[in-house]
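In this text, residue positions in the sequence shown follow numbering that gives the first Met the number 0: the first is 0, and each later residue adds one. Note that the Cβ used here is the ideal one computed from N, Cα and C, for glycine as well. Quick notes on the structure that follows.
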Amino acid sequence: MQTTTLESPIKGHELRQAMRHWASGIAVITAGPEPLTRIGLVSNSFTSVSLEPPLVSWCVDRNSSSFEAWCRTPSFSIHILDEEDVHLVPRFAAKGTDKFAGLTTHATAVGTPALEAGCVRLDCRAWKTYDGGDHVIIIGEVVCIEPR
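If you want it as structure tokens, here you go:
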């Protein structure tokens, strides 16, 4: 799989190839300017929406302490986890802790914190949000795919 950057739009076949890694059903989603106000959570609601344009979605609980930040963020990164990364699930599912403490991160092309984890990372620009009952559905346009 090749790395695609912001200068090169993502093609449908690239997103399809990246989605083949989605066997675990668990992803860590990160946002916030590195290293300032970083937020992160565990999601099992992640899915692809469209190949042209390359869109993905996930849901955030309205009761989440970072709900407002997620709804305002201009970009986010989705880290599709593999077996080696299951230790991150309790960390990013926990409430009231610094989820990034002790982790090495770097800023992505969209300004989000990238973890050194997962088999592939999708960097996204926020596209739209939709009401989903007690959750909000967040749609993102994939602008960079970074394999591990």
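The continuous stretches of alpha helix (DSSP H) do not include C58, which lies in the beta strand (DSSP E) extending over residues 54-60.
Taking all protein chains in view, the Cβ of V119 is crowded by 16 or more other Cβ atoms within 10 Å, so the residue is classified as buried. Check the Cα spacing between A125 and each of I25, K10, T29, A93: the tightest is with T29. Distances from the CA of T46 to each of L121, D133, D130 were compared; the closest alpha carbon is that of L121. One Cα belongs to A68, the other to F75, and the distance between them is close to 11 Å. By the neighbour-count criterion, in which a residue is buried when 16 or more other Cβ atoms sit within 10 angstroms of its Cβ, G132 is exposed.
Shown here, H12 sits in a helix according to DSSP, grouped into three states.
Counting along the chain, the unbroken beta strand (DSSP E) around P146 starts and ends at 134-146.
By the CB criterion at 8 Å, G117 and D84 fall inside the cutoff.
Beta-bridge analysis with DSSP links F75 to C123. Judged by DSSP secondary structure, P89 falls within the alpha helix (DSSP H) whose first and last residues are 87-92.
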